[in-house]
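Read top to bottom, the protein sequences are chains A and B. Final position of the first sequence in the working numbering is 279; the numbers increase by one with none missing. Final position of the second sequence in the working numbering is 665; the numbers increase by one with none missing. First up is the structure itself, then whatever we jot down about it.
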Amino acid sequence: MNAFVADKAQTPAGPDAAAEPEVLLRVDNVSLAFGGVKAITDISFDIRKGEIRAIIGPNGAGKTSMLNVINGFYHPQEGTITWRGRERRKMKPYEAASQGIARTFQNVALFKGMTTLDNIMSGRSLKMRRNFFWQVLWHGPAEREEIEHRRKVEDIIDFLEIQAIRKTPVGRLPYGLQKRVELGRALAMEPELLLLDEPMAGMNLEEKEDMSRFIIDVNQEFGTTIALIEHDMGVVMDLSDRVVVLDYGKKIADGPPEEVQASQAVIDAYLGVSH
Amino acid sequence: MVGSASASSRGEDTFPKILMHNAQVFGSRTAFREKDFGIWQSWTWSEVAEEIRAFSIGLQSLGLKAGDKIAIVGANRPQLYWAMVAAQAIGAVPVPVYADSVAEEMAYVLGHAEVVFAVVEDQEQVDKLLSMSDEVPSLKHVIYDEARGLRDYDHTHLHHYASVQDKGRALLGQSASLAGEWEQGFASGKGADIAVMLYTSGTTGRPKGVMLSFDNLVISARNGNVFDNLNETEEVLAYLPMAWIGDHVFSLAQAFTAGYCVNCPENMDTIDVDRREIAPTYFFAPPRVFETMLTMIMVNMEDAGRTKRAMFDFFMDVARRAGEKILNGEQVGLKDRLLYKLGEFCVYGPLKNRMGLTRMKVGYTAGEAIGPEIFQFYRSLGLNLKQLYGQTEASVYITLQPDGEIHGDTVGKPAPDVELKIAENGEVMYRSPGVFVGYFKNDEATADTKTPDGWVHTGDAGIIADNGHLKIIDRAKDVGKLTDGALFAPKYIENKLKFFPNIKEAVAFGHERDRVGVFINIDLTAVGSWAERNNVNYASYQELAAHPDVYAMIESHVDQVNRDLSREPMMAGAQVRRFLILHKELDADDGELTRTQKVRRSFIADRYGPLIEALYDGSAKKYVKTEVTFEDGRKGAIEATVEIRDMARHDAGPATREAAE
């Protein structure tokens with residue numbers, strides 16, 4: 005594991021290191037409340053193209069809410085979200101998906117009865133162009149399209165090294181593999197921004213190492229920008245280029261891992277001081 | 005009598021020459037397949053020749069010269085097999101290395117072999133090689149097949165497989181005569197040249213580099229092909245480590261000489277599925293693979309419906325009764341023959357299909373002893389599974405079981421062109437065209453192993469039975485003698501005991517003692533399930549092991565082993581006279597087993613000294629206290645009073661013999 009981490013250190017922020025970093029997504033002064041409960045208060049940060057951005061914080065800090073705001077599931081009462089330079093209006097999650105934002109969930113949300121292959125294929129559904137009529141007819145254009153998509157999906161299966169479970173219903177798979185399939189489905193959308201909600205929760209050390217490697221490879225090979233929520237500090241510090249720290253819905257730190265690690269506010273939030 | 009192929013009877017005596025021959029004769033036949041992206045991709049012999057030529061010329065342009073060593077590291081992939089022949093075409097020597105060996109061991113092998121080039125599978129191997137650049141100063145260029153994750157690496161000494169081939173193709177395009185020159189280059193190669201260097205793992209000391217010549221491999225492979233009637237229509241699955249002589253001969257030497265097709269699985273986890281899709285006609289596996297397949301079937305049958313289970317049980321009975329006899333061409337009654345036919349349709353056929361062995365013409369198992377029940381199970385299904393005995397130093401083949409002459413306890417007759425003899429001390433020795441040239445940079449070890457007139461010490465003790473079959477009894481250095489002079493082969497006795505599912509491990513003592521005593525470990529799974537069925541309550545291994553019924557059960561097993569031993573003139577003297585069931589399981593964490601689950605005899609002798617004394621002082625019980633290491637590293641002690649039982653000795657008299665026959 006050290007080897008590739010070391011490599012990463014040599015090329016700090018990917019291909020765009022020298023140029024002025026392009027901001028993919030910017031969150032400005034966003035606040036979100038459910039009735040009287042303020043989940044997020046006045047948070048601003050940005051995600052640069054090609055980076056791995058971590059969002060961390062203690063339980064209930066508002067991390068998942070933040071992710072839900074980014075992919076359009078929640079609509080903030082205040083503040084703006086700018087996606088690729090354009091301010092975003094209120095929208096449905098599937099619109100976010102078609103704009104190139106994909107995500108995985110804290111609790112695995114796969115179709116349990118379907119095979120790995122079918123689950124990942126379902127990630128391609130937004131890219132299918134042939135309508136119902138052609139699908140019913142099947143032979144010809146719809147079939148060709150399916151083969152094209154299958155080829156993409158096979159690339160992902162190869163990439164994630166899950167050939168052996170291609171035809172296995174995901175309900176029968178161990179948890180770590182289900183997480184990997186979920187990542188595969190998100191990748192099938194060929195997203196520009198990939199949101200990972202605790203990709204390593206409940207995994208053992210070896211599974212974590214594998215997953216870390218996949219995340220880095222996705223970032224480097226496909227150039228996908230990644231925003232991830234993770235509790236394992238070792239993983240966060242190794243993987244991410246920049247970290248934003250939330251606590252009680254507020255942003256308490258933002259910067260490179262080393263800087264964040266040294267911040268007194270972060271230490272207090274994690275170790276706990278009387279508020 | 006089986007014929008043999010002599011060295012120069014067909015002209016092509018090196019793999020590059022055979023390749024060009026195959027490209028002409030079998031041009032459009034499939035030579036290699038690999039499952040990639042869920043689809044079997046295939047290459048014909050003429051395509052393979054082109055791929056190898058391009059890579060070979062690419063290697064040359066990077067500076068690979070005749071005599072250089074080139075390491076091959078990775079799982080079975082067509083590109084890695086091609087790399088070996090591509091290197092041989094310019095006179096370089098491939099050195100396949102175990103991809104999963106730890107960095108330190110790999111560094112030793114690569115350093116010792118003085119490799120200049122390395123062809124590896126992926127980033128993992130590249131990282132490993134880069135990390136050992138200090139130990140392997142000779143290494144100049146690393147070529148990888150799978151580009152993933154390697155984009156940002158410094159590519160001055162790192163090359164993509166395809167880019168090396170592109171280079172070769174570009175050069176071929178520039179000069180019309182280059183292809184001819186390349187072929188001229190190996191036309192002068194001789195069969196006596198070194199073809200490959202394989203490092204043997206070696207249970208003791210550093211690995212040794214076994215140098216094998218083209219003659220060694222080509223003649224052995226041709227003999228093997230003739231022996232089992234293998235031709236260009238065979239399909240094999242290449243899934244065992246490439247650094248192992250078995251894979252090198254089955255997936256390269258025999259494939260090239262016979263012209264058959266080598267199939268590389270998608271990855272190590274998909275082998276079962278891939279085997280079913282390919283249905284190899286020639287199949288090799290260590291006993292462990294056959295054991296696992298059988299266990300899977302038995303587990304699935306437990307879950308099957310009542311009708312299916314009844315059908316399975318009925319027809320497996322028929323198979324046990326008649327299957328092997330039919331396979332051996334012996335006399336079988338009409339009723340059994342008909343039932344067997346029906347069983348083939350209802351049970352055996354589907355089973356074989358499930359295991360991917362439907363088309364298996366001949367299968368081999370080797371490496372260690374296979375349990376007789378397992379062996380018989382496969383044979384009774386009509387699968388021609390056989391045992392062979394071989395070594396890296398022999399280019400695999402020493403003895404083989406000929407069709408129709410299968411005996412569970414022997415490893416067969418000498419392979420074609422192999423001479424066999426038993427040395428004074430009981431060690432098996434052989435001489436054959438496959439005998440290795442020598443160990444690389446280790447003349448001392450070569451002289452220890454190979455006599456000046458070409459006989460090789462196997463390190464195994466064995467006997468040649470009356471029917472000409474070889475029987476391996478133990479490692480030569482472990483074989484001892486009882487005080488009355490009887491031969492004592494501990495592993496032979498232990499293996500006989502271990503074939504009982506209830507016995508997990510056994511350790512026999514007796515060298516320079518008056519009789520044989522044995523420690524036994526029961527198998528907690530097997531005996532535990534027996535206890536469940538018979539309402540025997542137990543709280544721990546220790547309690548179950550000391551249970552009188554368990555003792556009685558093991559006693560009957562030991563008695564059976566003694567009866568078996570009494571029938572073998574050489575072994576009759578070494579029957580088990582006393583045994584005890586150990587109060588704890590032998591465990592690698594306590595140092596009693598190696599990490600590969602082999603018994604560490606001397607360590608156990610030290611640790612359980614008092615128990616060994618008790619085996620010989622005639623006492624019926626012995627109190628012991630043993631320190632154990634728990635999984636989390638804490639230490640504790642187990643104490644117990646262990647019971648020791650006496651066993652009767654069976655006479656090898658004529659009465660017993662008759663009863664046995």
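Glycine included, C-beta positions come from ideal geometry on N, C-alpha and C.
Measure from the C-beta of Gln182 (chain A) to each C-beta in chain B and report whether the shortest distance is under 7 Å. Translated into the one-based positions of the first sequence, residue 182 (chain A) becomes position 178. Taking Cβ atoms only, chain B never reaches closer than 7 Å to Gln182 (chain A), which makes this a no.
Report back the beta-carbon spacing between Ala510 (chain B) and Leu501 (chain B) to the nearest angstrom; my notes put them in contact at under 8 Å. In the second sequence, residue 510 (chain B) corresponds to position 506, counting from 1. In the second sequence, residue 501 (chain B) corresponds to position 497, counting from 1. That pair is a contact at about 4 Å.
What in chain A is Cβ-close to Thr274 (chain B), meaning under 7 Å? Residue 274 (chain B) sits at position 270 when you count from the first residue of the second sequence. Identification of chain A residues near Thr274 (chain B) by a Cβ-Cβ cut-off of 7 Å yields Gln167 and Ala168, ordered along the chain.
With three or more C-beta pairs closer than 8 Å as the rule, is the segment 188 to 208 of chain A touching the segment 219 to 227 of chain A? As far as the Cβ criterion goes, the segment 219 to 227 of chain A touches the segment 188 to 208 of chain A, which means the pair count is three or higher.
I need the DSSP call for Asn525 (chain B), collapsed to helix, strand or coil. Residue numbering aside, residue 525 (chain B) sits at position 521 when the second sequence is read from its first letter. Looking at Asn525 (chain B) - three-state DSSP - the assignment turns out to be strand.
Compute the Euclidean distance between the alpha carbons of Leu548 (chain B) and Tyr555 (chain B), then round it to the nearest angstrom. Position 544 of the second sequence, counted from the start, is the residue given in the question as residue 548 (chain B). Position 551 of the second sequence, counted from the start, is the residue given in the question as residue 555 (chain B). Across the structure, Leu548 (chain B) and Tyr555 (chain B) are spaced so that their CA atoms are roughly 9 Å apart.
Beta bridge counterpart(s) of Thr119 (chain A) as assigned by DSSP: Taking the first residue of the first sequence as 1, we reach residue 119 (chain A) at position 115. BP columns for Thr119 (chain A) point to A:Pro173.
Using 7 Å as the threshold, is the C-beta distance between Val240 (chain A) and Ser216 (chain A) below it? For the purposes of this step, residue 240 (chain A) is taken as the residue at position 236 of the first sequence. For the purposes of this step, residue 216 (chain A) is taken as the residue at position 212 of the first sequence. Contact: no.
Beta-carbon contacts of Asn388 (chain B) that lie in its chain and below 6 Å, excluding the five residues immediately before and after: As a working note, residue 388 (chain B) is residue 384 in the second sequence. If we look at Asn388 (chain B) and ignore the five residues flanking it on each side, its Cβ neighbours are Val366.
Does Glu139 (chain B) come within less than 7 Å of chain A when only Cβ atoms are used? Within the second sequence, numbered from 1, the residue matching residue 139 (chain B) stands at position 135. No, because no Cβ of chain A sits closer than 7 Å to the Cβ of Glu139 (chain B).
Are the CB atoms of Ile233 (chain A) and Ile59 (chain A) within a distance shorter than 7 Å? As a first step, residue 59 (chain A) must be located in the first sequence, where it is residue number 55. As a first step, residue 233 (chain A) must be located in the first sequence, where it is residue number 229. Yes, the pair counts as a contact, with Cβ atoms nearer than the cut-off.
List, in chain order, every chain B residue whose beta-carbon is nearer than 8 Å to that of Arg148 (chain A). Mapped onto the first sequence, residue 148 (chain A) falls at position 144. Within chain B, no residue has its CB atom less than 8 Å from the CB of Arg148 (chain A), the nearest being about 16 Å off.
Checking 7 Å against the spacing of the C-beta atoms, do His159 (chain B) and His145 (chain B) come in under that value? Translated into positions along the second sequence, residue 159 (chain B) becomes position 155. Translated into positions along the second sequence, residue 145 (chain B) becomes position 141. Cβ atoms of His159 (chain B) and His145 (chain B): not closer than 7 Å.
Less than 7 Å between the beta carbons of Gln92 (chain B) and Phe36 (chain B), yes or no? Within the second sequence, the letter at position 88 stands for residue 92 (chain B). Within the second sequence, the letter at position 32 stands for residue 36 (chain B). Against a cut-off of 7 Å, the Cβ pair of Phe36 (chain B) and Gln92 (chain B) comes out as no contact.
Is it the case that the Cβ atoms of Asn506 (chain B) and Asp527 (chain B) are separated by a distance below 7 Å? The residue you call residue 506 (chain B) lines up with position 502 of the second sequence. The residue you call residue 527 (chain B) lines up with position 523 of the second sequence. Yes, they are a contact pair.
Run through DSSP, which three-state label would Asp219 (chain B) get? Translated into positions along the second sequence, residue 219 (chain B) becomes position 215. DSSP places Asp219 (chain B) in helix when its eight states are reduced to three.
Cβ atoms of Val34 (chain A) and Pro62 (chain A): under 7 Å apart, would you say? Stepping through the first sequence from its first residue, residue 62 (chain A) is reached at position 58. Stepping through the first sequence from its first residue, residue 34 (chain A) is reached at position 30. No, these two residues do not count as a Cβ contact at 7 Å.
Should Glu158 (chain A) be flagged as near chain B, meaning a C-beta pair shorter than 7 Å? For the purposes of this step, residue 158 (chain A) is taken as residue 154 along the first sequence, with counting starting at 1. Yes, Glu158 (chain A) lies at the interface with chain B (some Cβ there is under 7 Å from its Cβ).
Beta bridge counterpart(s) of Met297 (chain B) as assigned by DSSP: Position 293 of the second sequence holds residue 297 (chain B). Answer by DSSP bridge pairing: none, since Met297 (chain B) is not bridged.
CA nearest to the CA of Arg479 (chain B), picked from B:Tyr401, B:Ala490, B:His461 and B:Glu409: Against the second sequence, residue 479 (chain B) aligns to sequence position 475. If we check each option's Cα against that of Arg479 (chain B), B:His461 comes out closest.
Top-ranked residue by Cα proximity to Ile74 (chain A), from A:Lys131, A:Gly259, A:Gly64 and A:Ala106: Position 70 of the first sequence holds residue 74 (chain A). Ranked by Cα distance from Ile74 (chain A), the options A:Lys131, A:Gly259, A:Gly64 and A:Ala106 are led by A:Ala106.
Buried or exposed, going by whether 16 or more other CB atoms sit within 10 Å of the CB of Phe218 (chain B)? Reading the second sequence from its first residue, position 214 is the one you call residue 218 (chain B). It counts as buried.
Beta-carbon separation of Val97 (chain B) and Ala75 (chain B) under 7 Å? Here the question's residue 97 (chain B) lines up with position 93 in the second sequence. Here the question's residue 75 (chain B) lines up with position 71 in the second sequence. No, these two residues do not count as a Cβ contact at 7 Å.
To the nearest angstrom, how far is it from the Cα of Ile378 (chain B) to the Cα of Phe503 (chain B)? Reading the second sequence from its first residue, position 374 is the one you call residue 378 (chain B). Reading the second sequence from its first residue, position 499 is the one you call residue 503 (chain B). Between the alpha carbons of Ile378 (chain B) and Phe503 (chain B) lies a distance of about 10 Å.
Going by DSSP in three states, Ala91 (chain B) sits in which element: helix, strand or coil? Here residue 91 (chain B) corresponds to residue number 87 of the second sequence, with the count starting at 1. In the structure shown, Ala91 (chain B) sits in a helix (DSSP, three-state: H, G or I).
Can you pull the chain B neighbours of Glu128 (chain A), defined as C-beta to C-beta under 7 Å? Indexing the first sequence from 1 puts residue 128 (chain A) at position 124. The question names Glu, but residue 128 (chain A) is Arg in the sequence shown. Going along chain B, no residue has its Cβ under 7 Å from Arg128 (chain A), so there is no contact; the nearest lies around 15 Å.
Any residues in the segment 252 to 276 of chain B with a beta carbon nearer than 8 Å to a beta carbon of chain A? Which ones, in chain order? Cβ contacts with chain A come from Glu270, Asn271, Asp273 and Thr274.
At 9 Å on the CB atoms, spell out the chain B contacts of Arg30 (chain A), in chain order. Taking the first sequence and counting its residues from 1, one reaches residue 30 (chain A) at position 26. Within 9 Å Cβ-Cβ: nothing; Arg30 (chain A) doesn't reach chain B, min ~28 Å.
Identity of the residue in B:Pro269, B:Tyr286 and B:Ala27 nearest Asp278 (chain B) by Cα: Here the question's residue 278 (chain B) lines up with position 274 in the second sequence. Nearest Cα to Asp278 (chain B) within the set B:Pro269, B:Tyr286 and B:Ala27: B:Pro269.
Report back the beta-carbon spacing between Lys183 (chain A) and Val112 (chain A) to the nearest angstrom; my notes put them in contact at under 8 Å. By 1-based counting over the first sequence, the position of residue 183 (chain A) is 179. By 1-based counting over the first sequence, the position of residue 112 (chain A) is 108. At roughly 6 Å, the Cβ-Cβ gap stays under 8 Å, so Lys183 (chain A) and Val112 (chain A) are in contact.
For Asp236 (chain A), would you say it is in contact with chain B, using Cβ-to-Cβ distances shorter than 7 Å as the test? Position 232 of the first sequence, counted from the first residue, corresponds to residue 236 (chain A). Chain B, which has no Cβ nearer than 7 Å to the Cβ of Asp236 (chain A), makes this no.
Measuring alpha carbon to alpha carbon, tell me which residue in B:Pro82, B:Ala79 and B:Ala90 is nearest Asp72 (chain B). Position 68 of the second sequence, counted from the start, is the residue given in the question as residue 72 (chain B). The shortest C-alpha separation from Asp72 (chain B) is found at B:Ala90.
What does a CB cutoff of less than 7 Å around Arg155 (chain A) pick up in its chain, not counting 5 residues either side in sequence? Taking the first sequence and counting its residues from 1, the one referred to as residue 155 (chain A) is at position 151. Around Arg155 (chain A): no qualifying Cβ.
Are at least three pairs of beta-carbons, each pair with one atom in the segment 300 to 313 of chain B and one in the segment 384 to 398 of chain B, less than 8 Å apart? Verdict: no, contact absent.
Span separating the alpha-carbon of Gly104 (chain A) from that of Thr86 (chain A): As a first step, residue 104 (chain A) is located in the first sequence; it is residue number 100 there, counting from the start. As a first step, residue 86 (chain A) is located in the first sequence; it is residue number 82 there, counting from the start. Taking the straight line from one Cα to the other gives about 14 Å.
Consult DSSP for Ser384 (chain B) and reduce its assignment to one of helix, strand or coil. For the purposes of this step, residue 384 (chain B) is taken as the residue at position 380 of the second sequence. Three-state DSSP puts Ser384 (chain B) in a helix.
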